[in-house]
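Novice: Taking UniProt numbering, the leading residue of the sequence shown gets 1, the next gets one more, and so forth. Handing you this structure, nothing more for now.
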Amino acid sequence: MSTNIKYNVISKYNHENNIEKNIFKLLTRKQRKEIRIFESYLFEQERAQNTIRSYIAGVTKFFIGYKEINKTNLILYKKYLIENYSPQTVNIRISAINYYLSLKQMDHYKLKHIPLPKYHFTEGIMSFPEYKTLCDYLKEHNLRYYFIVRFLGSTGARISELVKFTIQDLEKGYAECHSKGKFRRINIPQSLINESREFFQNHKKELFLNRYGAPISARGIAHNLKIYAEKCGIRKDVVHPHNFRHFFAIQFLKKNNNIALLADLLGHSNVNMTALYLRLSHSEQREAINNAVNW
Numbered sequence: 001m002s003t004n005i006k007y008n009v010i011s012k013y014n015h016e017n018n019i020e021k022n023i024f025k026l027l028t029r030k031q032r033k034e035i036r037i038f039e040s041y042l043f044e045q046e047r048a049q050n051t052i053r054s055y056i057a058g059v060t061k062f063f064i065g066y067k068e069i070n071k072t073n074l075i076l077y078k079k080y081l082i083e084n085y086s087p088q089t090v091n092i093r094i095s096a097i098n099y100y101l102s103l104k105q106m107d108h109y110k111l112k113h114i115p116l117p118k119y120h121f122t123e124g125i126m127s128f129p130e131y132k133t134l135c136d137y138l139k140e141h142n143l144r145y146y147f148i149v150r151f152l153g154s155t156g157a158r159i160s161e162l163v164k165f166t167i168q169d170l171e172k173g174y175a176e177c178h179s180k181g182k183f184r185r186i187n188i189p190q191s192l193i194n195e196s197r198e199f200f201q202n203h204k205k206e207l208f209l210n211r212y213g214a215p216i217s218a219r220g221i222a223h224n225l226k227i228y229a230e231k232c233g234i235r236k237d238v239v240h241p242h243n244f245r246h247f248f249a250i251q252f253l254k255k256n257n258n259i260a261l262l263a264d265l266l267g268h269s270n271v272n273m274t275a276l277y278l279r280l281s282h283s284e285q286r287e288a289i290n291n292a293v294n295w
């Protein structure tokens with residue numbers, strides 16, 4: 001791979017995560033070389049940046065604990081993951097190891113994923129009153145974050161996509177983003193364009209800038225949203241940037257029950273994933289049964 005186009009995720013991974021950087025330093029020279037080969041392999045497989053970073057973390061942690069790749073060590077690592085991480089994280093780490101085993105042509109060592117517990121997909125998603133409370137607070141105290149929240153909640157964009165929105169996208173009424181190996185068009189509601197045009201009128205390129213005038217980072221947005229959630233008195237765990245994508249999906253279905261259209265808007269290749277938004281939360285189930293059962 002040309003060094004001019006080398007996608008050096010490890011350097012970003014180390015720079016952004018001091019703890020993980022210290023862990024990476026514990027690897028032997030041979031292990032570091034293996035990680036860099038793995039990085040290049042993931043890049044050539046067109047994996048997303050966040051996926052590459054996550055898979056590098058998973059394989060690095062395996063290398064720290066186990067010097068040899070064999071079935072016994074892999075099973076012990078899986079046992080360690082199950083005892084220390086959530087089921088979702090366990091499966092992400094297993095996927096990372098399995099991807100590395102594919103690279104090494106050691107498919108016979110691959111681990112089985114663990115079954116995920118059934119849960120209500122819509123639990124823990126921001127309610128409309130919480131969204132309104134956050135917007136009202138930000139509109140008064142921080143217009144930049146007000147429009148970040150409005151764009152996240154009104155477009156269904158991933159945070160990695162939103163930070164790339166430009167003034168040209170606002171003028172066109174849509175952004176074309178490359179995510180998860182494919183291009184998709186993200187429409188911006190006309191009402192939001194009209195409301196935000198004055199705020200963005202002096203922007204030359206990216207819509208969302210930090211206080212120094214540079215493009216804002218996804219990590220910076222996530223950090224500050226928790227601060228603003230606490231200040232306006234709503235749950236901090238519902239303001240994770242990706243949660244606004246879920247919020248958008250649920251609000252859209254309440255107004256337009258066209259699930260095929262929503263799948264297209266969200267960039268889902270499988271409508272079954274989109275159908276999860278139709279499930280009621282536990283509190284909504286209780287309300288529904290209390291209203292229905294009158295015998």
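Using N, Cα and C, we set each Cβ at its ideal position, and we do this for glycine too. Model, not experiment: these values are computed from the prediction.
#1: Going by DSSP, name the residue or residues bridged to Thr-89.
#2: Specify, as a first and last residue, the run of the beta strand (DSSP E) that Ile-186 falls within.
#3: Bridge partners of Leu-209, per DSSP?
#4: Report buried or exposed for residue 302, applying the criterion of at least 16 other Cβ atoms within 10 angstroms of its Cβ.
#5: Quickly, what does DSSP pair Cys-232 with across the bridge? List them, please.
#6: Do Val-149 and Glu-206 have their CB atoms nearer than 9 angstroms?
#7: Determine the DSSP secondary structure at His-178, reduced to helix, strand or coil.
#8: For Arg-184 versus Gly-267, is the C-beta distance shorter than 9 angstroms?
#9: Could you have a look at Thr-28 and say whether DSSP puts it in helix, strand or coil?
#10: For Lys-6, does the count of other Cβ atoms within 10 angstroms reach 16, so buried, or fall short, so exposed?
#11: Between Ala-157 and Gly-220, what straight-line distance do the alpha-carbon atoms span, to the nearest angstrom?
#12: CA-CA distance, Asn-257 and Gly-233?
Specialist: Let me spell this out:
#1: Indexing the sequence shown from 1 puts residue 89 at position 89. None; Thr-89 has no bridge partner.
#2: Taking the sequence shown and counting its residues from 1, one reaches residue 186 at position 186. First-last of the beta strand (DSSP E) with Ile-186: 182-187.
#3: Residue 209 sits at position 209 when you count from the first residue of the sequence shown. Beta-bridge pairing links Leu-209 to Pro-215.
#4: What is shown of the chain runs 1 to 295, which leaves residue 302 out entirely.
#5: Taking the first residue of the sequence shown as 1, we reach residue 232 at position 232. Its beta-bridge partners do not exist; DSSP assigns none.
#6: Residue numbering aside, residue 149 sits at position 149 when the sequence shown is read from its first letter. Residue numbering aside, residue 206 sits at position 206 when the sequence shown is read from its first letter. No, they are not a contact pair.
#7: Within the sequence shown, residue 178 is the residue found at index 178, counting from 1. Strand, per DSSP.
#8: Position 184 of the sequence shown, counted from the start, is the residue given in the question as residue 184. Position 267 of the sequence shown, counted from the start, is the residue given in the question as residue 267. The answer is yes: Cβ separation under 9 angstroms.
#9: As a working mapping, residue 28 is identified with position 28 in the sequence shown. The answer is coil: DSSP assigns Thr-28 none of H, G, I, E or B.
#10: Mapped onto the sequence shown, residue 6 falls at position 6. At Lys-6 the pLDDT is 41, less than 50, meaning the model places this residue with poor confidence; the figure from the coordinates comes in the next sentence. It is exposed - the Cβ of Lys-6 has fewer than 16 other Cβ atoms within 10 Å.
#11: Looking up residue 157 in the sequence shown gives position 157. Looking up residue 220 in the sequence shown gives position 220. Their Cα atoms are separated by approximately 17 angstroms.
#12: Here residue 257 refers to the residue found at position 257 of the sequence shown. Here residue 233 refers to the residue found at position 233 of the sequence shown. Taking the straight line joining both Cα atoms gives about 31 angstroms.
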